[in-house]
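Per the UniProt record's numbering, the sequence shown starts with residue 39, numbered consecutively. Note that the Cβ used here is the ideal one computed from N, Cα and C, for glycine as well. If you're wondering where the values come from, they're calculated on a predicted model, not measured in any experiment. As structure tokens, the structure follows; a few thoughts come after it.
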Amino acid sequence: STAEDIAAPEDTQTDRIVVGFSQLGAESDWRSANTESMKSTFTKEAGYDLIFEDGQQKQANQIRAIRTFIQQEVDYIVLAPVTETGWDTVLREAKDAGIPVIIVDRKVDVEDDSLFTCFVGSDFELEGLKMSEWLNSFSISKGIAPEDIHIVNIQGNIGASAQIGRTRGLEQGVAKYGWDLLDQVSGEFTQAKGKEVMEAFLKKYDNINVVYCENDNEAFGAMEAIRAAGRTVGSDLAAGDIMILSFDGVSTESMDCVLKDEITCIGECNPLHGPRVEALIQILEEGRTPEKFSYVEEGLYAHDDTVTSVTVDDKTYRVQQVDSEIR
Ligand code: GYE
Numbered sequence: 039s040t041a042e043d044i045a046a047p048e049d050t051q052t053d054r055i056v057v058g059f060s061q062l063g064a065e066s067d068w069r070s071a072n073t074e075s076m077k078s079t080f081t082k083e084a085g086y087d088l089i090f091e092d093g094q095q096k097q098a099n100q101i102r103a104i105r106t107f108i109q110q111e112v113d114y115i116v117l118a119p120v121t122e123t124g125w126d127t128v129l130r131e132a133k134d135a136g137i138p139v140i141i142v143d144r145k146v147d148v149e150d151d152s153l154f155t156c157f158v159g160s161d162f163e164l165e166g167l168k169m170s171e172w173l174n175s176f177s178i179s180k181g182i183a184p185e186d187i188h189i190v191n192i193q194g195n196i197g198a199s200a201q202i203g204r205t206r207g208l209e210q211g212v213a214k215y216g217w218d219l220l221d222q223v224s225g226e227f228t229q230a231k232g233k234e235v236m237e238a239f240l241k242k243y244d245n246i247n248v249v250y251c252e253n254d255n256e257a258f259g260a261m262e263a264i265r266a267a268g269r270t271v272g273s274d275l276a277a278g279d280i281m282i283l284s285f286d287g288v289s290t291e292s293m294d295c296v297l298k299d300e301i302t303c304i305g306e307c308n309p310l311h312g313p314r315v316e317a318l319i320q321i322l323e324e325g326r327t328p329e330k331f332s333y334v335e336e337g338l339y340a341h342d343d344t345v346t347s348v349t350v351d352d353k354t355y356r357v358q359q360v361d362s363e364i365r
């Protein structure tokens with residue numbers, strides 16, 4: 039769309055705060071929940087005019103949206119960036135225009151951190167490290183040797199923080215514990231692509247027993263592929279199951295999968311950033327300086343209570359068993 043297509047907020051006479059939000063896309067359940075959280079937070083009743091732009095997974099669209107927000111002289115720009123790199127120029131333009139930029143969910147990798155005001159989101163590498171510690175504790179409890187863990191990794195969109203961090207967390211587990219990492223291919227955070235990638239993996243390797251998916255939608259796709267190949271999903275590796283691990287845990291559907299051991303463990307990733315971004319804006323409205331980086335506290339959801347906590351860098355995180363109570 040061009041600048042003309044995007045309507046200026048109708049009632050500029052009010053003292054509502056104008057927020058331009060460049061969302062990266064609509065690829066997953068997590069993303070839908072995140073968009074909903076932003077829309078339900080930045081309402082007229084709460085004193086905001088939200089201009090929402092969906093980048094449809096294209097950085098060029100997001101850059102165009104930010105430039106339009108600058109022309110519209112919004113009060114704040116909120117950016118959920120599709121990938122980490124390539125933002126220096128447009129963020130410089132926003133800075134020169136004096137518009138604060140809040141980065142949400144995924145990070146930007148810029149030469150000068152003063153190009154954005156602050157960030158709020160998850161620590162994706164920590165999520166991956168927690169999952170690696172879970173897998174290690176799980177395999178010890180089941181008496182499975184590290185060299186008998188044969189993993190395929192369905193990655194997220196390459197270059198997105200959530201992919202970079204979760205992949206690193208797995209790779210560190212592989213380096214530390216000596217698992218057999220067979221392959222890594224992007225499933226683009228979608229169910230369709232996750233299925234396609236898993237189909238290819240199953241044709242190529244006959245000894246896969248763990249699938250490390252970088253979000254739940256990929257896990258749903260992987261599950262379809264495993265079943266279509268006549269295999270079973272679950273945590274009984276000795277019986278020939280392929281065990282699915284993933285991240286997010288935002289939908290009833292994904293929690294149901296954990297309950298049924300269709301996904302054995304999910305690293306929690308909280309999408310409800312609307313109120314967090316609003317809190318940052320309120321701090322800025324008061325003329326104060328928020329923390330540059332804020333991270334959300336997260337745990338893990340597991341099918342059973344074999345592992346009840348994991349420790350990363352001396353910090354312990356809760357592994358919550360999914361049963362009827364937390365659903
Ligand atoms: O895990 C995935 C989504 O950036 C945390 O993006 C987000 C990730 C989330 O597509 O489902």
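- Rounded to the nearest angstrom, the gap between the Cα atoms of ASN255 and ARG204 is 15 Å.
- Using a cutoff of 7 Å, the CB of ARG206 does not count as near the ligand GYE, since none of the ligand's heavy atoms is closer than that.
- In the DSSP assignment, ARG105 falls within the alpha helix (DSSP H) that extends over 97 to 109.
- Under the three-state reduction of DSSP output, GLN210 falls in the helix class.
- If you draw a straight line from the Cα of VAL212 to the Cα of ILE280, it is about 18 Å long.
- Taking C-beta separations shorter than 8 Å and ignoring five residues to either side along the sequence, the partners of LEU310 in its chain run ALA71, ASN72, SER75, following chain order.
- Where LEU283 is concerned, the enclosing beta strand (DSSP E) starts and stops at 281 to 286.
- Cβ contact annotation for TYR333 (same chain, cutoff 6 Å, sequence separation greater than five): ASP161, in chain order.
- Boundaries of the alpha helix (DSSP H) harbouring ALA263: 254 to 266, taken from the DSSP string.
- Buried is the label assigned to ALA263, since at least 16 other Cβ atoms lie within 10 Å of its Cβ.
- Residue nearest to GLY124 within the set PRO138, VAL148, ILE140 is VAL148 (criterion: CA-CA distance).
- Judged by their CB atoms, ALA118 and ARG102 are not nearer to each other than the 8 Å cut-off.
- Judged by DSSP secondary structure, GLY312 falls within the alpha helix (DSSP H) whose first and last residues are 312 to 323.
- Counting C-beta pairs closer than 8 Å gives three or more between the stretch 193 to 210 and the stretch 155 to 172, which meets the contact rule.
- Residues SER66, TRP68, GLY194, PHE227, SER284, PHE285, ASP286 of the same chain have their beta carbon placed closer than 7 Å to that of ASN253, with the five preceding and five following residues left out of the count.
- Contact between ILE115 and GLY58 holds, since their C-beta atoms are separated by about 5 Å, short of 8 Å.
- 8 Å or more divides the Cβ of SER224 from the Cβ of VAL345.
- Residue environment: LYS233 is assigned as buried (16 or more neighbouring CB atoms within 10 Å of its CB, all protein chains considered).
- Setting aside the 5 residues that flank it on each side, LEU322 is surrounded in the same chain by TYR114, PRO138, THR155, PRO328, each with a C-beta closer than 8 Å to its C-beta; the list follows chain order.
- Around the C-beta of ASN191, 16 or more other C-beta atoms lie within 10 Å, and the residue is accordingly described as buried.
- GLU122 and LYS82 have their C-alpha atoms roughly 31 Å apart.
- Residue environment: GLN61 is assigned as buried (16 or more neighbouring CB atoms within 10 Å of its CB, all protein chains considered).
- When DSSP states are grouped into helix, strand and coil, ALA71 belongs to the helix group.
- The C-beta distance from SER292 to ILE282 rounds to 11 Å, too long to meet the 8 Å contact threshold.
- With a threshold of 16 other beta carbon atoms within 10 Å, ALA64 falls short and is exposed.
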